[in-house]
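**Q** Residue numbers (my numbering): 34 to 733.
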Amino acid sequence: MEELSQGFWTLKRKLYGFIIVLLTIPFFSVSFLQQLESSLTANLLSSLERFSSSLAFALEQNALNHSQLSQAQGALQTQSEPAIYVPMISQAPQIDGYDDDWYALSGYELSIAQDQLRVLLASDDKFIYVLLTVQDAAVVYQDSIDGSGASDSIELSLADAQGNQAAMTFAPVAVGKVTPLMATNFAEPFWISNAFWQETASGYVLEVKIPKRQKWTSLGVKVKQVSPDVATPQFIQSYTKQFNPLHWPDPYLVATLDQLNLQSGQRVWVLDRLGDVKARRGQLAKDIQFARVNPLIHFLLSPPESNFNDPRERAIALDNPVVTQALGGKVASDIETVKGASTAIAMVATPLYKEQQLVGVLVIEESVAAVQVMQQEALNIFINSLLLSLLLVVVVLIFLASRLTSRIVKLNRQAQQAVDKFGRVKQSFQPESSRDEIGQLSQSFSAMTLRLSDYNEYLEKLAARLSHELRTPIAVVRSSIDAIAMSASSEQESALQHAQQGIERLSQMITRMREATRMEQSVLAVPLEPVAIESFVRDYCAAAQPLFAHHTLSVSASGTAQPVNVSQELLAQMLDKLLSNARDFATDNSAIEIVIEFFSGSVLIAVVNQGPGLPALSERELFASMVSERDVSKRSDEQAHMGLGLYLVRLIAERCNGRYFARNWYQQSRLRDLVTANPSLELERMVDGVAIGVILPIQR
């Protein structure tokens, strides 16, 4: 048979194709999400750059002409003292010594000596408001209003750009409204509007309201703490050598930015040449409308935060690579990640020019939460599409698996129906037309079935053909021997007699060969019927005893006797072959026992004889056709042994849906245990005989 050609879509290639498709889905999806995020981020930065350029142009054309930003700010100097930012407020705090109306300005304060002193300022159009919070375990007040005694005090100093200073010393005799001791070098009178001293659980608070007549540029705070147990007072200062510089927002720039219609999540900064904040507008907190997404999205990608800890919410100066590059005269942009938050900030910095001189920087920030929401929605679409694709793939795989399983089941069914349990080909094998592995296997089975059918037909007709062809020469030889015998001398009679015996043996062999071809058909043709095994075997042994002159036949039965679906004719043939086999191998003058045992819906029928053990053959080989292991001394010159006796026993057992066995037998051994044991198990005891028989099912 020529080799079957292999098609392109084999099962292996189909499986590899599905694996490749499944592996490419995550690869392309991750690539798609990365490209989507990069594209959205680039579009966001591009939009911010256009907005920043247009806003910077508007500021340069109008607002910078009226603002305090100019190239006359002097040389850039590094500030040695920490600065204090003075935010603009629309509602003035109440001067009562309590800080509850200052919470909105939390973050702008200057903390000194591990929070032992906190300085917080605010201003409106007319006044400057100062809140000083001091930690003091024991507050010591003055004994009298003349200030002669040692007590806790605060010295608040202000200075302007011309070097004018005003110092106010607050040393009250009790909590409440307090009047400071003034020291100033102003030519005109200087006073404060109000001051209030109030104790707290950890110290005290001083709240001061100062008229905004001068343009103050720096402020200094010096706290004196007196302790009864320590002779020398302790001092806490907000400065070391120079007063703390004050950072004032530009009112005109603030008013200009207030007119902007910013989107949610956007913030605008205007910085001077030192990077100090002159105006700001907007917040990064963005109102996010979360859509319903697949729960798997929240596991893979956490949603962006609408409110997060803004690191620059109260910043008074900006110092990062984007601002530094803009201060160098170049437009810069970047995506800055926020530590501890699940979002990021897009930042664009544009330099501001006045009369072709760099005077400041415009910074625009926007939260990328919107981009993350779009990415989340895209991921939601992707996950849903992926799940749908996987569902489709699973359905296709289930269909293919069921299809392959049905084809294999069909192939198995055809294989079982094509050949019966005796090895005959009952029907032809219908091959599949597909060109994959199962189709090739089906075609191979079909070709193998055809070859097996032809071979079985050849074997079945071989004996008939040989017997037909051999009978003619045997008849010629026999007639020739008879003719010679009529005129033969006495010396030739012995040779002719041996020749005649050989011819008879050849004739018997031909007859047995023809019997072998008809044996299987005759066994299959006999109908089965219920038979009382024990009574039938006893009657058969009684009738066959005269044929066994040198042996004694005995029957032993155990268990509850039940009818067995068999045929009396088949049972008689089986007993005849088993007893003949036992007689040929049993020792002289020994007993041959027929054992019948009913157990667990089956009946065991065995013939046990004393004598040598079984040859080194398997049960299937021992019960095969044309197999004879007789010793030369056991062979008869008048009868040819073709090895068909145990083969007939096998056919009868298979016809009754039973099984056959052959075991070495030992004295005082239970026959059923020997049958159920492994036949290849070697026992150390001496073999006493052989037990050969069948186990037939009891049909209920």
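Backbone N, C-alpha and C fix where the C-beta goes; we use that ideal spot for every residue, glycine too.
None of the values given here were measured: they were computed from a predicted structure.
1) Using CA atoms only, rank isn't needed, just tell me which of V509, Q449 and D572 is closest to F462.
2) For N690, which three-state DSSP category applies?
3) Indicate whether L637 and I728 have their beta-carbon atoms separated by less than 8 Å.
4) With contact counted as at least three CB pairs below 8 Å, one residue from each stretch, are the segment 581–591 and the segment 614–632 in contact?
5) Under the three-state reduction of DSSP, which class applies to P354: helix, strand or coil?
6) Could you work out which residue in L608, S123, K47 and D185 is closest to I161 when comparing CA atoms only?
7) Classify W224 as buried or exposed, calling it buried when 16 or more other Cβ atoms lie within 10 Å of its own Cβ.
8) May I ask which residues mark the beginning and end of the alpha helix (DSSP H) holding L603?
9) Should W698 and G722 be called a contact, given that it needs their Cβ atoms to be closer than 8 Å?
10) Considering only their Cβ atoms, is the gap separating V396 from W302 smaller than 8 Å?
11) I want to see whether chain D comes within less than 8 Å of L677, judged by CB atoms only; does it?
12) Hey, how far is the Cα of V427 from the Cα of P464?
13) Going by other Cβ atoms of all chains shown within 10 Å of its Cβ, with 16 needed for buried, is T438 buried or exposed?
14) Thinking C-alpha only, which one of N227, P282 and T273 is nearest I145?
15) Thinking just about the alpha-carbon of each residue, which of V597, F581 and V599 is nearest to the one in G616?
16) If I'm right that E398 touches Q299 with Cβ under 8 Å, what's the distance once you round it to whole angstroms?
17) Just how far apart, CA to CA, sit V556 and V682?
18) From what residue to what residue does the beta strand (DSSP E) around D367 run?
19) Counting pairs of Cβ atoms below 8 Å between the segment 342–356 and the segment 76–88, do you hit three or more?
20) Beta-carbon within less than 7 Å of L97's beta-carbon, same chain only, minus the 5 sequence neighbours each way: which residues are those?
21) Under three-state DSSP, which class holds N642?
22) On the DSSP bridge assignment, give the partners of K45 in chain order.
23) Leaving out the 5 sequence neighbours to the left and right, which residues in its chain are closer than 8 Å to T212 when beta-carbon positions are compared?
24) According to DSSP, E188 sits in a beta bridge with which residue or residues?
25) S486: which of S260, Q460, P506 and V509 sits nearest, CA to CA?
26) My guess is that T482 and V458 are in contact by the Cβ rule of under 8 Å, so how many angstroms apart are they, rounded?
27) Could you tell me the boundaries of the beta strand (DSSP E) in which S591 lies?
28) Sort S64, A312 and A686 by Cα distance to S100 and report the nearest one.
29) Out of W135, E410 and R151, state which residue places its alpha-carbon closest to the alpha-carbon of E736.
30) Hey, out of K248, Q147 and V167, whose CA is closest to D158's CA?
31) Could you check whether H280 and I117 sit closer than 8 Å to each other, using their CB atoms as the reference points?
32) Leaving out the 5 sequence neighbours to the left and right, which residues in its chain are closer than 6 Å to T709 when beta-carbon positions are compared?
33) Please determine whether the Cβ atom of Q460 lies at a distance below 7 Å from any heavy atom of the ligand SAH.
34) Relative to the alpha-carbon of D132, which residue among R468, S435, L164 and Q149 has its alpha-carbon at the smallest distance?
35) Which residue comes first and which comes last in the beta strand (DSSP E) that contains F462?
36) Could you give the distance in angstroms between the alpha-carbon of Q701 and the alpha-carbon of E602?
**A** Here's the rundown:
1) By 1-based counting over the sequence shown, the position of residue 462 is 429. Of the candidates V509, Q449 and D572, the one whose C-alpha sits nearest the C-alpha of F462 is Q449.
2) The residue labelled residue 690 in the question sits at position 657 within the sequence shown. DSSP places N690 in coil when its eight states are reduced to three.
3) Taking the sequence shown and counting its residues from 1, the one referred to as residue 637 is at position 604. Taking the sequence shown and counting its residues from 1, the one referred to as residue 728 is at position 695. Yes; because the gap between Cβ atoms is below 8 Å, this pair is in contact.
4) yes
5) Sequence index remark: in the sequence shown, residue 354 carries index 321 (1-based). In the structure shown, P354 sits in a helix (DSSP, three-state: H, G or I).
6) As a first step, residue 161 is located in the sequence shown; it is residue number 128 there, counting from the start. Looking at the Cα atoms, S123 is the closest of the given residues.
7) Within the sequence shown, residue 224 is the residue found at index 191, counting from 1. Exposed is the call here.
8) As a first step, residue 603 is located in the sequence shown; it is residue number 570 there, counting from the start. Residues Q601 to F618.
9) Numbered from its first residue, the sequence shown carries residue 698 at position 665. Numbered from its first residue, the sequence shown carries residue 722 at position 689. Contact: yes.
10) Counting from 1 along the sequence shown, the entry for residue 302 is found at position 269. Counting from 1 along the sequence shown, the entry for residue 396 is found at position 363. Yes, they are a contact pair.
11) Considering every chain present, this structure includes no chain D. It has just one protein chain.
12) One-based indexing of the sequence shown puts residue 427 at position 394. One-based indexing of the sequence shown puts residue 464 at position 431. Rounded to the nearest angstrom, the two C-alpha atoms are 29 Å apart.
13) The residue labelled residue 438 in the question sits at position 405 within the sequence shown. Label assigned to T438: exposed.
14) The residue labelled residue 145 in the question sits at position 112 within the sequence shown. Cα-wise, what sits closest to I145 is T273.
15) Residue 616 sits at position 583 when you count from the first residue of the sequence shown. Per the sequence shown, the amino acid found at residue 616 is Arg instead of Gly. Comparing Cα-Cα distances from R616 to each of V597, F581 and V599, the minimum goes to F581.
16) For this step, residue 398 is matched to residue 365 along the sequence shown. For this step, residue 299 is matched to residue 266 along the sequence shown. About 7 Å; that satisfies the 8 Å criterion.
17) As a first step, residue 556 is located in the sequence shown; it is residue number 523 there, counting from the start. As a first step, residue 682 is located in the sequence shown; it is residue number 649 there, counting from the start. Answer to the nearest angstrom: the Cα atoms are 10 Å apart.
18) Here residue 367 refers to the residue found at position 334 of the sequence shown. Element bounds for D367: A365 to T370.
19) no
20) In the sequence shown, counting from the first residue as 1, residue 97 sits at position 64. Correct list, in chain order: L385, K387 and V392.
21) Within the sequence shown, numbered from 1, the residue matching residue 642 stands at position 609. It is a strand residue.
22) Locating residue 45 in the sequence shown gives position 12, counting from the first residue. DSSP output for K45 lists no bridge partner at all.
23) As a position in the sequence shown, residue 212 is number 179, starting the count at 1. For T212, where only same-chain residues beyond five positions count, the Cβ hits under 8 Å are A228.
24) Numbered from its first residue, the sequence shown carries residue 188 at position 155. Answer is T202 and K255, bridged to E188.
25) Your numbering for residue 486 matches position 453 in the sequence shown. The candidate whose alpha carbon is nearest that of S486 is Q460.
26) The count along the sequence shown starts at 1 and reaches residue 482 at position 449. The count along the sequence shown starts at 1 and reaches residue 458 at position 425. The Cβ separation is near 6 Å, so the contact holds.
27) Counting from one through the sequence shown, the residue named residue 591 turns up at place 558. That run of the beta strand (DSSP E) goes T585 to S591.
28) Sequence index remark: in the sequence shown, residue 100 carries index 67 (1-based). Nearest C-alpha to S100: A312.
29) This structure does not reach residue 736, given that the chain is present from 34 up to 733, and the question cannot be answered.
30) Walking along the sequence shown from the start, residue 158 turns up at place 125. The candidate whose alpha carbon is nearest that of D158 is K248.
31) For the purposes of this step, residue 117 is taken as residue 84 along the sequence shown, with counting starting at 1. For the purposes of this step, residue 280 is taken as residue 247 along the sequence shown, with counting starting at 1. Contact flag set, yes.
32) The residue labelled residue 709 in the question sits at position 676 within the sequence shown. Excluding sequence neighbours, T709 sits near nothing in its chain.
33) Ligands in the displayed structure: none, and consequently the ligand SAH is not present.
34) On the sequence shown, position 99 is the one that residue 132 refers to. The candidate whose alpha carbon is nearest that of D132 is L164.
35) As a working mapping, residue 462 is identified with position 429 in the sequence shown. Unbroken run through F462: none, as it is neither H nor E.
36) As a working mapping, residue 701 is identified with position 668 in the sequence shown. As a working mapping, residue 602 is identified with position 569 in the sequence shown. Roughly 33 Å separates the two Cα atoms.
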